[in-house]
Amino acid sequence: MTRTFYELGLDTFLTKALEMESIQNPTAIQEKVIPAALENKDIIGQSETGTGKTLAYLLPLFKKINTGIREIQALIVAPTHELAIQIQRQIENLAGNSGISVTSAPIIGNVNIKRQVEKLKEKPHIIVGSPGRILELIKMKKISAHTIKTIVIDEADRLLDDNNITNIKAIIKSTLKERQLMMFSATMPKRTIDAAAELMKDPEVIKIEDKEKINSGITHMYFIAEQREKIEVLRKLVHSINPDKALVFVNKSDEIEIITSKLQYHGIKAESIHGTSVKLDRKKALDDFRAGRINLLVASDIAARGLDIRGVTHIFNLDLPEEPKAYLHRAGRTGRAGEKGTSISIITEREKKYIDEYQKKFSLTVEPKVIYKGRIFDSRRRAKRISKK
Numbered sequence: 460m461t462r463t464f465y466e467l468g469l470d471t472f473l474t475k476a477l478e479m480e481s482i483q484n485p486t487a488i489q490e491k492v493i494p495a496a497l498e499n500k501d502i503i504g505q506s507e508t509g510t511g512k513t514l515a516y517l518l519p520l521f522k523k524i525n526t527g528i529r530e531i532q533a534l535i536v537a538p539t540h541e542l543a544i545q546i547q548r549q550i551e552n553l554a555g556n557s558g559i560s561v562t563s564a565p566i567i568g569n570v571n572i573k574r575q576v577e578k579l580k581e582k583p584h585i586i587v588g589s590p591g592r593i594l595e596l597i598k599m600k601k602i603s604a605h606t607i608k609t610i611v612i613d614e615a616d617r618l619l620d621d622n623n624i625t626n627i628k629a630i631i632k633s634t635l636k637e638r639q640l641m642m643f644s645a646t647m648p649k650r651t652i653d654a655a656a657e658l659m660k661d662p663e664v665i666k667i668e669d670k671e672k673i674n675s676g677i678t679h680m681y682f683i684a685e686q687r688e689k690i691e692v693l694r695k696l697v698h699s700i701n702p703d704k705a706l707v708f709v710n711k712s713d714e715i716e717i718i719t720s721k722l723q724y725h726g727i728k729a730e731s732i733h734g735t736s737v738k739l740d741r742k743k744a745l746d747d748f749r750a751g752r753i754n755l756l757v758a759s760d761i762a763a764r765g766l767d768i769r770g771v772t773h774i775f776n777l778d779l780p781e782e783p784k785a786y787l788h789r790a791g792r793t794g795r796a797g798e799k800g801t802s803i804s805i806i807t808e809r810e811k812k813y814i815d816e817y818q819k820k821f822s823l824t825v826e827p828k829v830i831y832k833g834r835i836f837d838s839r840r841r842a843k844r845i846s847k848k
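Just add 459 to the spot in the sequence shown (first one is 1) and you have the working numbering.
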């Protein structure tokens with residue numbers, strides 16, 4: 460039986476903050492990592508994308524950081540600027556929702572270093588950034604490495620490769636030996652585990668097996684459309700189906716608001732959540748969606764991470780996910796607790812190869828469909844009817 464966040468050792472400030480984000484129960488990786496992290500163990504953690512690894516290390520960090528001291532106490536290293544900013548936003552959300560005055564600063568390359576130096580003078584509790592810029596600032600003695608008590612390496616399989624491991628080793632070496640080291644990734648090849656273990660003190664290896672359960676209660680279908688016509692096809696489908704609760708997935712965060720506005724223009728009750736959402740706007744959108752005041756919630760995979768939304772009847776993929784497993788993760792947000800669900804992808808002719816890949820990889824049946832005069836038909840049947848005319 461899954462333990463609650465409180466039973467894992469977190470206080471009520473953090474559990475209430477999670478409730479505000481509609482996160483009720485810990486995921487498998489969180490249940491294993493949080494207690495070990497609170498005991499200051501070195502950790503190698505592997506779990507697939509979208510299983511809550513970021514919160515698995517942020518929550519114990521928030522519990523351990525001494526907010527009464529103005530000094531850098533934790534360092535989170537990420538391979539890309541985008542991921543660093545996403546982690547920074549999650550820290551800000553957690554701090555705001557919990558009322559815990561943990562401060563943080565993103566330190567990434569290709570950004571004015573003088574501004575970053577000024578930010579570091581404020582002594583943030585957590586630094587999130589890319590290895591090159593972090594190491595540069597350590598060498599400049601602008602980051603006091605001796606006060607760092609925890610280092611987190613996110614996407615360790617990338618940061619421990621031949622291109623990055625020298626910088627990572629240098630960063631770790633600059634800190635005191637007593638510090639805690641945690642490394643996480645969706646994939647952990649043996650070489651990554653071996654490289655990580657060399658840098659750690661008796662690490663606890665936590666692997667969450669990737670269970671690819673196919674929910675037979677979910678119907679999968681796709682519609683072919685030109686890229687410029689996808690939103691119009693979505694509009695027609697929404698008017699035809701009239702879903703109670705539907706999630707619309709979009710890959711690019713900067714397109715989410717535009718798509719939402721177009722849907723609203725056509726009288727569809729839609730809201731959006733994305734990486735740059737203001738906290739209150741995000742909360743209102745989720746509350747409205749949960750209460751049934753809106754029917755559609757437009758989101759990216761990242762924005763939807765960790766959300767526990769019940770009663771979702773339909774999933775619309777306006778963009779296909781980059782990883783095949785992410786298709787299952789999206790589809791798995793419907794058809795829960797024995798209910799039926801429908802996963803609908805709106806794709807271009809060129810994207811059909813990805814649907815073929817999903818069908819082969821996961822033994823799925825994804826039916827081709829068309830919408831005509833507000834009604835949905837099997838595309839093969841429709842083609843036959845047209846050819847007879």
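The beta carbon of each residue, even a glycine, is placed where N, CA and C say it ideally should be.
query, result
"In chain order, what residues of the same chain lie with their CB nearer than 6 Å to the CB of A554, ignoring the 5 residues before and after it?", "V561"
"Given 8 Å as the limit, is there contact between the stretch 566-576 and the stretch 590-603, that is, 3 or more CB pairs closer than that?", "yes"
"Assess contact between the stretch 627-644 and the stretch 494-511, defined as three or more Cβ pairs (one per stretch) separated by less than 8 Å. Is contact present?", "yes"
"Do the stretch 724-733 and the stretch 771-783 touch if we need at least three Cβ pairs shorter than 8 Å?", "no"
"Rounding to the nearest angstrom, what Cα-Cα distance links K649 and Q505 in this structure?", "12 Å"
"Could you give the distance in angstroms between the alpha-carbon of K742 and the alpha-carbon of E657?", "43 Å"
"Between which two residues does the alpha helix (DSSP H) carrying H788 extend?", "P783 to A790"
"What are the boundary residues of the beta strand (DSSP E) that R834 is part of?", "R834 to D837"
"What residue from Q545, H698, I535 and S759 has the CA that sits closest to V587's CA?", "I535"
"Hey, would you say T937 sits closer than 8 Å to S802, going by beta carbons?", "Summary: the structure shown does not reach residue 937, with the chain confined to residues 460 through 848, and so no result is reported for it."
"With distances taken Cα to Cα, identify the nearest neighbour of I673 among H788, M680 and A744.", "H788"
"Under a Cβ-count criterion, where at least 16 other Cβ atoms within 10 Å of its own Cβ denotes burial, should R844 be classed as buried or exposed?", "Residue placement at R844 is flagged as unreliable, the pLDDT there being 45, under the threshold of 50; the coordinate-derived value follows with that caveat. The residue is exposed, with fewer than 16 neighbouring Cβ atoms inside 10 Å."
"Give the DSSP-derived three-state secondary structure of P583 in the structure shown.", "coil"
"If you scan the stretch 570-641 from start to end, which runs of the alpha helix (DSSP H) of 4 or more residues do you find wholly inside it?", "572-579, 590-598, 615-618 and 624-632"
"Less than 8 Å separating the beta-carbons of A537 and L520?", "no"
"Below 8 Å between beta carbons: does that hold for L722 and R749?", "no"
"Helix, strand or coil for K847, going by three-state DSSP, please let me know.", "Note that K847 scores 39 on pLDDT, short of 50, meaning its location in the model is unreliable; the coordinates nonetheless yield the value given after this. Helix, per DSSP."
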